[in-house]
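In this text, residue positions in the sequence shown follow my numbering: the first is 3, and each later residue adds one. All C-beta atoms, glycine included, are put in the ideal place defined by N, C-alpha and C. Okay, so here's the structure we're looking at.
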Amino acid sequence: MMVLFVVVTCKEAHLQVFSVIDQVGPSLGVHLSREKSLMYVPSDEDVSTNVLPPEIPVTQDGFILGAPVGSDSFCQSFALKQVSKVKSSIWLLSKLEDCHIEFAVLRSCLLLPKLMFLLHSCPTSVIDDAIVACDVVLRSAVSELVSTHMCVWSWLKATLPVTLGGLGIHLAPSHAPAALIASVSQSALLVTQLLGQDPPPLPFLGFAVSFFFHCWSV
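The structure is reproduced here in structure tokens:
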């Protein structure tokens, strides 16, 4: 049984997808579970409902491999919910009753590590509120651990590497752009191959970034 996530860009394209599945699938023992599938239609795409398979749910906001896809407000809302979930976990650290262990878990397992996939898959301009909220939560948690308010200067020193006398805390605003560019540059070649386009030139870092934002705006 196969579950399909379809991104509709034109009527002909998505009809071809279903045609291929219906023709080739049964011979391979593959059958589409239409009720469990999902069809994503961009908000600015004019696709008549009478050409869409009635059994397949249609949405303008959804997820691809865990990454939010849709309007900016939808992606921002999802990102803020993720920060809120991690925040709830952070406040449970006190139950460990060991400041060193609490800090190690906070720095290496919570917050930024939990949101890294989101930073790899969403433009920073879309989830900027969540990125700022991430650092606010982190700073508050560290202040709670050291039992004192951390001024701007103290916080900056805390973000330095341990070898330079800092705490090795990673800030989301500092890592988000690099995470996005790294993800795009590594996947641009595969995406162009899937779309049947010419491979990007090397070095193609600039192409990767522009290509990502082009795909995001489609």
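* Cα-Cα separation, Gly-31 to His-172 -> 48 Å
* What residue from Ser-185, Val-60, Ala-178 and Pro-70 has the CA that sits closest to Asp-130's CA? -> Ala-178
* To do: Leaving out five residues on either side along the sequence, give the residues of the same chain with a beta carbon under 7 Å from the beta carbon of Pro-70.
  => Phe-76, Cys-77, Phe-80 and Cys-124
* Residues of its chain near Pro-175, where Cβ-Cβ distance is below 6 Å and the 5 sequence neighbours each way are ignored -> Ile-133
* To do: Go ahead and pull the three-state DSSP assignment for Thr-165.
  => helix
* To do: May I ask which residues mark the beginning and end of the beta strand (DSSP E) holding Val-71?
  => 69 to 71
* Any idea if Gln-84 is buried or exposed, counting beta-carbon neighbours within 10 angstroms, 16 or more meaning buried? -> buried
* Give the DSSP-derived three-state secondary structure of Val-19 in the structure shown. => helix
* Put Ile-129 into one of helix, strand or coil per three-state DSSP. => coil
* CA-CA distance, Phe-65 and Phe-119? -> 13 Å
* Given 8 Å as the limit, is there contact between the stretch 104 to 123 and the stretch 139 to 158, that is, 3 or more CB pairs closer than that? -> yes
* From the DSSP output, which residues share a beta bridge with Leu-191? -> According to DSSP, Leu-191 bridges with nothing at all.
* At what residues does the beta strand (DSSP E) containing Ile-66 begin and finish? -> 64 to 66
* Beta-carbon proximity list for Gly-264, same chain, < 6 Å, skipping 5 on both sides -> Outside the shown range of the chain, which is 3 to 220, sits residue 264, and nothing can be said about it.
* Sequence-distant residues of the same chain with beta carbon closer than 7 Å to Leu-82, five excluded per side -> Asp-131, Ala-132 and Ala-135
* Alpha carbon to alpha carbon, how far is Val-22 from Trp-93? Give it in angstroms, no decimals. => 51 Å
* Whole angstroms is fine: what's the gap from Lys-89's alpha carbon to Trp-157's? => 19 Å
* To do: Could you pull out every residue in the same chain whose Cβ sits closer than 7 Å to the Cβ of Leu-95, ignoring the five residues on either side in sequence?
  => Glu-104, Val-107 and Leu-108
* To do: Let me know if Ala-181 comes out buried or exposed under the rule of 16 or more other beta-carbons within 10 Å of its beta-carbon.
  => buried
* Tell me whether the beta-carbon of Asp-74 lies closer than 8 Å to the beta-carbon of Val-154. => no
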